[in-house]
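Q: Numbering (my numbering), first residue to last: 3 to 476. Quick reminder that beta carbons are idealized off the backbone N, C-alpha and C, glycines included. This structure is a prediction, so every number in the text was calculated from the model and none was measured. The structure's right below; bear with me while I get my questions together.
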């Protein structure tokens, strides 16, 4: 005997299919996003920053693969719903029950035969929610790059003085006002952030220095007469190593690229949360209208999809947090580097350069008086003068070396931050473990926080990543 089945009307199944198809379009956009924005390593070519470059593509490719799977899955869901809708209208109870096999087997621990409470029609519907992927902040428009291009020495010294001024402002407001009036060059930069509490200040400080140095190095490092070139000559003369290679070259690179990657993953996570919430809302409407074995199988099936999609959003959020943490820590270290390099230019490099310039000037003068560089008398005079000066140069270089050692130690700390970033990102997508939510717990979350409960602010994305493991294979 045929049984009257408690099923949603065909128009609801049709509306659901249309909404699922729309989610496939959202996933297509997110797949493209992950393959472009989340692998953007522009500017990560500096000696140290390049160490972080290889870790960027793998997680992006992994996330892109998951999103692609979801895009395909939306088509599978649509086909299954169409099949069930057609068969439920004509089959008897036995065949209708067998339709539950259209959906994959249940996973133990998730709960079964769950009856979804009926919510208001204003809450449950088949309306699509827009997925807006916000463009990450590009370095061309960030505070670290909107700067002019003076020489390295004036750039670093200016920033060094600005840093000291901001620190002193904590002790005396009057002192700050005085310094502002005495140093119009410093105030013209328009940077009024507190260096101890504002990451944007550190970003501006570090980024401005990096840009100035890159431009300076290209134009000035081989030109005789400049402070850095002269100090480089004396440093290499005594140590056999390059001062430029030791303290300046490692800082080159777009360190704000890590902030860009944070933005790219963060908005991708929001997109996943939006899709998960949209599907929950529509599935809830279907599920609350539908009773029976097939309905329960459908509820569990869509529970796995929505929670798995939310888990992908969690993964994106965890990776985003790793990039942000590294970026913030690196800016603090680069801020210290700017200070240290500023001190070094203020003292050791300027003094050493002056000594080298004087020595070279005397060499040239002796050669002119003696008849040129091939004159033996001139050679003897130069050697006598140089021997007298070399000891003083040696002592100056020794002082510079002490500061270089401190700077190198800061670079080693930067390397450690990059290694931690690598470990954090790899850990995020290499294994999924943690407590698995149940249908009952999700019902509670929906009733108290809404269908997109991951956006509530209290959701733990770190533990939520484990939800990826329950994504259906088909």
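Select from 426, 39, 451 and 344 the residue whose C-alpha is nearest the C-alpha of residue 269.
A: Residue 39 is the option with its Cα nearest to residue 269.
Q: When the distance is taken between beta carbons, is residue 346 closer than 9 Å to residue 271?
A: Not a contact, by the Cβ cut-off of 9 Å.
Q: Just the C-alpha distance for residue 519 and residue 55, rounded to the nearest angstrom, thanks.
A: Outside the modelled stretch of the chain, which goes from 3 to 476, sits residue 519, for which no answer is possible.
Q: In three-state terms, what does DSSP make of residue 428?
A: In the structure shown, residue 428 sits in a helix (DSSP, three-state: H, G or I).
Q: Check whether the Cβ atoms of residue 43 and residue 58 sit closer than 9 Å, and answer yes or no.
A: It is a contact, given that the beta carbons lie within the stated cut-off.
Q: Which of the three DSSP states, helix, strand or coil, is assigned to residue 453?
A: The answer is coil: DSSP assigns residue 453 none of H, G, I, E or B.
Q: Going straight from the alpha carbon of residue 24 to that of residue 65, what length do you get?
A: Going by the C-alpha atoms only, they are around 20 Å apart.
Q: Assuming residue 27 is part of the alpha helix (DSSP H), what are its boundary residues?
A: Segment 12 to 38, the alpha helix (DSSP H) holding residue 27.
Q: Would you decide whether residue 279 is buried or exposed? Buried here means 16 or more other CB atoms lie within 10 Å of its CB.
A: Buried is the call here.
Q: How many angstroms separate the CA atom of residue 195 from the CA atom of residue 319?
A: With a pLDDT of 39 at residue 195, under the threshold of 50, the predicted position of this residue should be treated as unreliable, though the coordinate-derived value follows. Computed Cα separation, rounded: 28 Å.
Q: Kindly indicate which three-state DSSP category residue 438 falls into: helix, strand or coil?
A: Three-state DSSP puts residue 438 in coil, outside helix and strand.
Q: Can you list, in chain order, the residues of its chain with a C-beta nearer than 6 Å to that of residue 179? Leave out the 5 residues immediately preceding and following it.
A: Reliability of the predicted coordinates at residue 179 is poor, the pLDDT of 49 falling under 50, and the value obtained from them is presented with this limitation in mind. The answer is none, since no qualifying residue turns up.
Q: Measuring alpha carbon to alpha carbon, tell me which of 291, 438 and 328 ends up nearest residue 259.
A: Ranking the options by Cα distance to residue 259, first place goes to 328.
Q: Identify the continuous alpha helix (DSSP H) that holds residue 77 and give its terminal residues.
A: From DSSP, the alpha helix (DSSP H) with residue 77 extends over 59 to 90.
Q: Relative to the C-alpha of residue 405, which candidate in 284, 342 and 424 has its C-alpha closest?
A: It is 342 whose Cα lies nearest to the Cα of residue 405.
Q: Measuring only the C-alpha atoms, how far is residue 154 from residue 255?
A: Below a pLDDT of 50, predicted positions are generally treated as unreliable, and residue 154, at 40, falls in that range; no measurement from the model is reported.
Q: For a test of the three-state rule: what should DSSP assign to residue 465, helix, strand or coil?
A: Of the three classes helix, strand and coil, the one that applies to residue 465 here is helix, per DSSP.
Q: For residue 371, count the other beta carbons within 10 Å of its own beta carbon; 16 or more makes it buried, fewer makes it exposed. Which is it?
A: Only weak support is given to the placement of residue 371: the predicted model assigns it a pLDDT of 37, under 50, and the value that follows is read from those uncertain coordinates. So residue 371 counts as exposed.
Q: Excluding the 5 residues preceding and the 5 following residue 9 in the sequence, name in chain order all residues of the same chain whose CB lies nearer than 6 Å to its CB.
A: Excluding sequence neighbours, residue 9 sits near 90 and 292.
Q: Pop quiz: residue 41 and residue 62 are said to be a contact at Cβ under 8 Å. What is the actual Cβ separation, rounded to whole angstroms?
A: That pair is a contact at about 5 Å.
Q: Work out the CA separation of residue 430 and residue 50 for me, nearest whole Å.
A: Their backbone Cα atoms lie some 23 Å apart in a straight line.
Q: Tell me the residue span of the alpha helix (DSSP H) that contains residue 305.
A: Note, residue 305: alpha helix (DSSP H), 295 to 346.
Q: Using only CA atoms, which one of 18, 17, 253 and 139 lies nearest to residue 338?
A: If we check each option's Cα against that of residue 338, 253 comes out closest.
Q: In chain order, what residues of the same chain lie with their CB nearer than 7 Å to the CB of residue 297, ignoring the 5 residues before and after it?
A: Excluding sequence neighbours, residue 297 sits near 289.
Q: Taking only the alpha-carbon atoms, compute the straight-line gap between residue 324 and residue 454 and give it to the nearest angstrom.
A: Spanning the two alpha carbons is a distance of roughly 23 Å.
Q: Using only the alpha-carbon positions, how far apart do residue 421 and residue 332 sit?
A: Straight-line Cα distance between these residues: approximately 12 Å.
Q: Looking only at its chain, what residues have a beta carbon closer than 6 Å to the beta carbon of residue 68, apart from the 5 residues adjacent to it on each side?
A: Answer for residue 68: 314, listed in chain order.
Q: Do residue 79 and residue 15 have their CB atoms nearer than 9 Å?
A: No.
Q: From 128, 409, 60 and 130, pick the residue whose C-alpha is nearest to that of residue 251; which is it?
A: When each option's Cα is compared against that of residue 251, the closest is 409.
Q: CA-CA distance, residue 81 and residue 22?
A: Spanning the two alpha carbons is a distance of roughly 10 Å.
Q: Given this structure, state the Cα-to-Cα distance separating residue 48 from residue 264, to the nearest angstrom.
A: Distance between the alpha carbons of residue 48 and residue 264 is about 20 Å.
Q: With distances taken Cα to Cα, identify the nearest neighbour of residue 274 among 134, 257, 444 and 303.
A: Cα-wise, what sits closest to residue 274 is 134.
Q: If you drop the 5 nearest sequence neighbours on each side, which residues of the same chain put their C-beta closer than 7 Å to that of residue 416?
A: Excluding sequence neighbours, residue 416 sits near 50, 332 and 335.
Q: Give the secondary structure of residue 252 by DSSP, where H, G and I count as helix, E and B as strand, and everything else as coil.
A: Three-state result, residue 252: helix.
Q: State the DSSP-derived secondary structure class of residue 258, mapped to helix, strand or coil.
A: Correct three-state label for residue 258: coil.
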